[in-house]
Amino acid sequence: MRDYGQEIAARIAALPQVKDAGLDAAAVAEILEVPQDAAMGDFAFPCFRLAKAMRKAPQAIAGELADALSPDSCGVEVVGAYVNFRLERGAFAAEVLAAVREEGAAYGHSGLGGGRRVIVEYSSPNIAKPFHIGHIRSTVIGAAIARILAALGYEVERINHLGDYGTQFGKLIVAYRRFGSKDEVEAAPIATLLKYYVEFHKQAEQDPSLEEEARAAFAALERGAEAERELWAWFREESLKEFTAVYDMLGITFDSYAGESFYSDKMRRITDELAAKGLLTESEGAQIVDLDDCGLGKALIKKSDGSTLYITRDIAAAVYRKEHYDFHKNIYVVASQQDLHFRQWIKIVELMGYDWAHDCVHVPFGLVRLADGAMSTRTGNVVFLLDVLNQAVEKTRAIIVEKGVLTDDAAEDGPAVDEAAAEIGIGAVVFQELHNNRIKDYVFDWDKALNFDGETGPYVQYGYARAASVLRKAEGMGLSCNNGDTAALTGDAAFALLKKIYELPQAVREAGEKYEPSLLTRHVVDVAQAFSAFYHEERILSDDPTERGRTEAKLALTAAAKQAIGNGLALLGVAAPERM
RNA sequence: GCCCCCGUAGCUCAGGGGAUAGAGCAAUGGUUUCCUAAACCAUGUGCCACUGGUUCGAUUCCAGUCGGGGGUGCCA
229 MRDYGQEIAA
239 RIAALPQVKD
249 AGLDAAAVAE
259 ILEVPQDAAM
269 GDFAFPCFRL
279 AKAMRKAPQA
289 IAGELADALS
299 PDSCGVEVVG
309 AYVNFRLERG
319 AFAAEVLAAV
329 REEGAAYGHS
339 GLGGGRRVIV
349 EYSSPNIAKP
359 FHIGHIRSTV
369 IGAAIARILA
379 ALGYEVERIN
389 HLGDYGTQFG
399 KLIVAYRRFG
409 SKDEVEAAPI
419 ATLLKYYVEF
429 HKQAEQDPSL
439 EEEARAAFAA
449 LERGAEAERE
459 LWAWFREESL
469 KEFTAVYDML
479 GITFDSYAGE
489 SFYSDKMRRI
499 TDELAAKGLL
509 TESEGAQIVD
519 LDDCGLGKAL
529 IKKSDGSTLY
539 ITRDIAAAVY
549 RKEHYDFHKN
559 IYVVASQQDL
569 HFRQWIKIVE
579 LMGYDWAHDC
589 VHVPFGLVRL
599 ADGAMSTRTG
609 NVVFLLDVLN
619 QAVEKTRAII
629 VEKGVLTDDA
639 AEDGPAVDEA
649 AAEIGIGAVV
659 FQELHNNRIK
669 DYVFDWDKAL
679 NFDGETGPYV
689 QYGYARAASV
699 LRKAEGMGLS
709 CNNGDTAALT
719 GDAAFALLKK
729 IYELPQAVRE
739 AGEKYEPSLL
749 TRHVVDVAQA
759 FSAFYHEERI
769 LSDDPTERGR
779 TEAKLALTAA
789 AKQAIGNGLA
799 LLGVAAPERM
């Protein structure tokens, strides 16, 4: 597809006045903007920056540039210090529709990545603890980033760095030995293990020696003690079963579940290497790397009892991944709380002499709170993800039944209502998670989570379903959506929609470059809003033979809007129902 | 104490040197003999936390202040 912004930038940059001012096409493209008010035009070039070099008022410069440009374009006008450009609407429509039709499900994708390998680590729950609403963030944001990068032509490796190691397992082992029961665990693994975990902390408050005992149990596990190892493996296996059910609901997959335990035998090498490179020093009986000079404090590598900490595991994991995958980028979708942790270990890897330290990227996100305070598995103040998903599905089912369209329309499909309720309800939860800047903290609110009006997943899905419905009817009427008279698409609503569709690939690219799925989510909302406005403003279907060319052009636009919305939703991991 | 992030409409949030600062929710009014009303249209609100600096121009960049959150050695 043509890049209109680049073309206009090139034309401006070719002008002698602009050349003399020292601006090349890339610099002009950087300055060129899209006016916030569409009435101003489609692209705008502000002339303020030329004022110094040309020693003239910006307004005068704008007039001069417009005069120089106008012989080969009719869509140029001057407003104040801006040169505004207007696209030729019919030709633009033909260009965009052809591109979407040709690229289909790959519209918005590109070869930017050139097949370079990128690791995305996400989700990474702690085994033996249930998924709460806080865990949805890494899971859903990470999966979206992975899909977006894959669409941009990177070879993506998805890693679930399971929290399947550490002192917490010492706690569980101690708890299980003190008051656990095998039957109870097997009946409901995560709920039971969580109960033990909570009970452990309650008892540890009375008897602090339990903490010591737990540390000892983990130290034994790390040494490879048979009994501890067996219990640990059992806990891991049982809880993984339950996680898989949630991932299935969300449609999320991984290429590797190599978690912390996977690196348990790869850490000796790291601590040896740190010592050999003179980075390790002893302090209060523990081994540390002193990063005070970089303003990063002191990083604890090895505890005084000889066991390691997660920073050592992260370094070992990074070294392993570089050797095993030879990544171009190694991306960690992990809460912003761990910012210092990442800055510390990435700095340590750099000090070890590995220049690829700079290819390790922490992609942080803000935390989820409840109205009555921080969520804590330990104290039981939690909202479970499964409950949220189920409630969203149930509410959706109620709406579907109330509306009745789906039950009548697709009664012969039988499970159509179940399927749609799942797609829409879960889609709503996922979509909302991807709607805001990931760095923002937020307070979980049931009413908001179950609101399906306005800028929400169901709103976007509804636009998609309506487009699908129009296209189904058109097919029944023997109308095509593959051609038509694009002069029918020069109305404001149609043109606004075309521009949003045209901008989708750029939104995908920016979302990938900034690891910020919300940029894509917002754009998909824009496309859906533009389609809704178009749908209301202009009647699409008509059986008038003299109107056929115009009707088919509108159908082509409807098909393109459906494709753009569908492609965007697919990258976000939200289903696109054909009916709702 | 020190470090990091955030502060924009009643609420939830976009925007991010430049043309009158935008959406959604909530509120009010309107739109269905017409392609799905989970929709569309209309109406109102802003010392863009504060103070200073850089700039032709700052809500946007820089410094400081205040407010909120997070982190800050034997959890992850």
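Using the numbering used here, the letters of the first sequence correspond one by one to residues 229 to 808. Glycine residues also receive a C-beta, built at the ideal position from the N, C-alpha and C atoms.
Comparing the CB of ILE236 with every heavy atom of the ligand PLP, is any distance shorter than 6 Å? Absence of the ligand PLP is noted for the structure shown, with no ligands found whatsoever.
CA-CA distance, ALA723 and ALA321? Sequence check: residue 723 is Phe here, not Ala. Distance between the alpha carbons of PHE723 and ALA321 is about 8 Å.
Assign HIS360 to one of three DSSP states: helix, strand, or coil. strand
State whether the segment 781 to 800 contacts the segment 325 to 334, with contact taken as three or more CB pairs (one from each stretch) at a distance under 8 Å. Taking 8 Å as the limit for Cβ pairs, the verdict is that the segment 325 to 334 does touch the segment 781 to 800.
Using a Cβ-Cβ cutoff of less than 8 Å, which residues in the same chain neighbour ALA279 once the five nearest sequence positions on both sides are dropped? ALA285, PRO286 and ILE289
Which partner residues of ASN312 appear in the DSSP bridge assignment? ALA272 and GLU305
Pair within 7 Å by beta-carbon distance, LEU524 and GLN572: yes
For GLY740, count the other beta carbons within 10 Å of its own beta carbon; 16 or more makes it buried, fewer makes it exposed. Which is it? buried
How big is the Cα-Cα spacing for LEU799 and ARG365? 16 Å
Residue range of the beta strand (DSSP E) that HIS590 falls in? 588 to 591
Where LEU568 and LEU438 are concerned, what is the direct C-alpha to C-alpha distance, given to the nearest angstrom? 29 Å
Cross-strand partners of GLU383 (DSSP beta bridge): ARG345
Going by the beta-carbon positions, is the gap between PHE169 and LEU260 smaller than 7 Å? As shown, the chain starts at 229 and ends at 808. That puts residue 169 outside it, with no answer to give.
C-beta atoms of ASP518 and LYS526 nearer than 7 Å: yes
Limits of the alpha helix (DSSP H) - the one that ASP295 falls within: 286 to 297
Applying the 10 Å Cβ sphere with the 16-neighbour rule, what's the burial state of TRP460? TRP460 counts as buried, since at least 16 other C-beta atoms from the protein chains shown sit within 10 angstroms of its C-beta.
When you compare the CB positions of ASP483 and ARG386, do they come within less than 7 Å of one another, or not? Less than 7 Å divides the Cβ of ASP483 from the Cβ of ARG386.
According to DSSP, ASN214 sits in a beta bridge with which residue or residues? Residue 214 is absent from the model: the chain starts at 229 and stops at 808.
With H, G and I counted as helix, E and B as strand and the rest as coil, what does DSSP make of MET808? coil
Is it buried or exposed, GLN689, if we count other Cβ atoms within 10 angstroms and call 16 or more buried? buried
Chain-order list of residues whose beta-carbon lies under 6 Å from that of ALA237 (same chain, five-residue window excluded): ALA253, VAL256, ALA257 and LEU260
Going along the chain, which residues of its own chain have a beta-carbon closer than 8 Å to the beta-carbon of GLY343, five neighbours each way excluded? GLY381, TYR382 and GLU383
Please state whether DSSP places VAL562 in a helix, a strand or coil. coil
GLU331, enclosing alpha helix (DSSP H) - first and last residue: 317 to 331 is the span of the alpha helix (DSSP H), which, as asked, contains GLU331.
Compare the beta carbon distance of GLY712 and ALA784 with 7 Å and say whether it is the shorter of the two. yes
How is LEU748 classed by DSSP in three states: helix, strand or coil? helix
Which parts of the segment 514 to 588 are runs of the beta strand (DSSP E), unbroken and 3 residues or longer, counting only runs that do not cross its ends? 514 to 518, 526 to 530 and 557 to 561
With DSSP run on the structure shown, which of helix, strand or coil describes GLU766? Three-state DSSP puts GLU766 in coil, outside helix and strand.
How many Å lie between ALA444 and GLY398 at the Cα? 7 Å
Presumed contact (8 Å Cβ cut-off) between PHE555 and ASP587, rounded CB distance: 7 Å
Spatial distance of HIS337 from ALA416 (CA atoms): 43 Å
Enumerate, from N- to C-terminal direction, the unbroken alpha helix (DSSP H) stretches of 4 or more residues contained entirely within the segment 385 to 428. Counting only runs of 4 or more, we get 395 to 407 and 410 to 415.
Along the chain, where does the alpha helix (DSSP H) containing SER697 start, and where does it finish? 685 to 704
Distance, Cα to Cα, ILE652 vs ASP520? Distance between the alpha carbons of ILE652 and ASP520: 51 Å.
For CYS522, count neighbouring Cβ atoms within 10 angstroms of its own Cβ and tell me buried if that reaches 16, exposed if not. exposed
Since I believe LEU747 is in contact with GLU738 (beta carbons under 8 Å), could you give me their beta-carbon distance rounded to a whole number of angstroms? Their Cβ separation, rounded to whole angstroms, is 5 Å, which keeps GLU738 and LEU747 in contact under 8 Å.
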